[in-house]
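Read the sequence shown against numbering that gives the first Met the number 0 and you will find it ends at 383, with the numbers running on by one and no gaps.
Here is the structure we will look at, set down as structure tokens.
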Amino acid sequence: MAFELLVVDDEEEIRTKLSELLETQGYRVQAASNGSEALSILESDARAIDIVLTDFKMPGMTGIELADRISHIDPKIVIITITAYSDKETAIAAMRSGVSDFLDKPFTLPDLMFALKKAVEKRTILVQNENYKLNLERMVWDRTQDLQRAIREIRSTYRQTLEALGAALDTRDLETQSHSRRVAGYTVTLAFKMGLPRSQIIEIERGALLHDIGKIGVPDAIFLKPGPLNDDEWKIMRSHVDLGYRMVRNIEFLKDASLVIYGHHERYNGSGYPRGLKAEDIPIGARVFSVADTLDAMTSDRVYRRKLDFEAVRLEVVKHSGTQFDPKVVEAFLQIPQRIWGVIKERAEAGESLAEANDMPELVSRQKPMTDSASFEQLGMAAG
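What follows is the structure, given as structure tokens:
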């Protein structure tokens, strides 16, 4: 895709040379001799321009004044100013007017290409974000209808359907395959240990299986990005919580499960998202899930680190008791020995619904914390 540039400079020679140079680099270029001419081009079709490269000091309208006007026409247009006056006050004023970057005179071709590379990246993200927002409501509606239709058609086997949806998300990211099954099994185990009624545990299991269902609305460019996310990308990634909740909240047999989906990134001290809930304002299923999710994350390999042993998990959970985690859930977690977590892992990965398993209450209630040094290798949960 060739990006459209608008070059604005009152000196014809500079304007012409810049335009010709940029065209050789694969850009489509329009040119204007002053701010008024540039605005006329933009007002006729702002969507045709991706990046504006403007001189700072021009007769009539300065580069800062032009940038301010452009920002009101289309804030997605990325603006680079060319200036010989790069003092701090000028830079602050320019940034407030919508300028994204500066080129100090005299500049080299590599300087110009680097500035344009950054501008193209920013423009791409801004356009993606706008498209995401414009399509979100329709996407929510379409996905909800698809989900409701599937549930109506195979209601008798809805647990398998929920598991398949969770597995589909796991498959999208090779790092987290079987994550939904495991974390659902761990969540159920903690819920039984805490003495919650089976009917409630069944609802919690459904929510755990579908906790990340909203990520189907996160673009692959963000979901699978190998490097760190920027602020705008994090905002989109975090929106999966609200999106997932809205997808399932009106499905009758998932109403209670939706509370796990909506609360699975809340923290006990109120520092989580999306609502910043604290303590027991966070649904119990979400509080239990938080510890279970940490167990699975820390005992699974990731690109940035190898899986950790159970003692490291214990220390991490205890460290964050009362801040990230509910102390009551932490207490229940510490009462379950590591060999039982290995059994739960195997059964969950095999696709068993532990919420409906007859032996679960007895399995977790009779156990006491272990002090032996059995390794996770023996349990299929190898230490790093």
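Just so you know, even glycine gets a beta-carbon here, dropped at the ideal spot from N, CA and C.
The structure displayed is predicted, hence computed values, not measured ones.
Please return the same chain residues whose Cβ sits closer than 6 angstroms to the Cβ of residue i, not counting the five positions on each side in sequence.
i, result
"D300", "K306"
"R154", "Its pLDDT being 48, under 50, R154 is placed unreliably in this model, and the value from its coordinates should be taken loosely. Same-chain partners within the cutoff: there are none."
"L353", "G184, V187 and M359"
"V312", "L294 and M297"
"E12", "none"
"Q337", "F309"
"E22", "V28"
"R142", "M246"
Can you tell me whether residue i is buried or exposed, with buried defined as 16 or more other CB within 10 angstroms of its CB?
i, result
"M391", "The chain is shown from 0 up to 383; residue 391 falls before or after that span and cannot be answered."
"S289", "buried"
"R346", "buried"
"Q377", "Reliability of the predicted coordinates at Q377 is poor, the pLDDT of 37 falling under 50, and no value is obtained from them."
"D325", "buried"
"I91", "exposed"
"P109", "exposed"
"M246", "buried"
"R286", "buried"
"A243", "Correcting the residue type first, residue 243 is Gly in the shown sequence and not Ala. Classification for G243: buried."
"E265", "buried"
"F101", "buried"
"G275", "exposed"
"L314", "exposed"
"L133", "exposed"
Between the options, which has its C-alpha nearest residue i's C-alpha?
i, options, result
"K121", "P105, I91 and I78", "I78"
"V119", "E3, T89 and E279", "E3"
"V126", "A278, K104, E10 and I50", "I50"
"V240", "L223, I13 and G262", "G262"
"T80", "T89, I72, I200 and Y272", "T89"
"V182", "D292, L276, A220 and L133", "D292"
"T15", "Q337, A47, L52 and M138", "L52"
"S177", "V363, E355 and E348", "E348"
"V328", "Y267, V342, F106 and K344", "Y267"
"E42", "H71, L21 and S18", "H71"
"F55", "A37, T82, F309 and Q337", "T82"
"V217", "P225, S238, I200 and L208", "S238"
"K116", "S99, I250, Y131 and T61", "S99"
"I339", "V363, A278, T107 and T143", "V363"
"Q334", "E351, V316 and L102", "V316"
"I200", "E355, A47 and L17", "E355"
"M112", "M60, L20, F191 and D141", "L20"
"L195", "A331, K224, D103 and A66", "A331"
"A66", "G97, L17 and V259", "G97"
"F191", "A149, L242 and G284", "G284"
"G62", "A93, I48 and A47", "A93"
"W140", "R248, R180, D44 and D73", "R248"
"K64", "I48, R95 and I40", "Looking at the sequence shown, residue 64 is not Lys but Glu. Nearest option by C-alpha distance: R95."
"I48", "L5, A278 and V342", "L5"
"D73", "D103, I40 and M60", "I40"
"I399", "N357, S179, A278 and K344", "The first residue shown for the chain is 0 and the last is 383, placing residue 399 beyond what the model contains."
Which same chain residues, not among the five before or five after residue i, have their C-beta less than 8 angstroms away from its C-beta?
i, result
"I124", "N229, D231 and E232"
"E129", "K75"
"A1", "G25, Y26 and R27"
"S198", "none"
"P105", "none"
With a CB to CB cut of under 7 angstroms and the five nearest residues on each side skipped, what residues in its chain are close to residue i?
i, result
"M57", "D9, N33 and G34"
"R68", "L38"
"Q147", "I250"
"L164", "L209 and I212"
"M236", "V217, I221 and L228"
- Item | Meets three-Cβ-pair contact criterion under 8 angstroms: the region 243-257 and the region 226-233 | Contact fails: fewer than three Cβ-Cβ distances are below 8 angstroms.
- Query: Fully enclosed by the region 10-97, which beta strand (DSSP E) runs are 3 residues long or longer?
  - Reply: Counting only runs that start and end inside the region 10-97, the beta strand (DSSP E) elements of at least 3 residues fall at 27-31, 50-54 and 77-82.
- Message: Three Cβ pairs or more, each shorter than 8 angstroms: is that satisfied between the region 179-187 and the region 199-215?
- Response: A contact exists between the region 179-187 and the region 199-215.
- With a floor of 4 residues, list each alpha helix (DSSP H) that falls wholly inside the region 320-359, ordered by position along the chain. Listed in chain order, they are 326-333 and 337-348.
- Query: Is there contact between the region 263-278 and the region 313-329, where contact requires at least three CB pairs shorter than 8 angstroms?
  - Reply: Result yes; three or more Cβ-Cβ pairs closer than 8 angstroms.
- Item | 4-residue-minimum alpha helix (DSSP H) runs that sit fully inside the region 232-273, ordered along the chain | Entirely contained in the region 232-273, the alpha helix (DSSP H) runs reaching 4 residues are, in chain order, 239-247 and 256-262.
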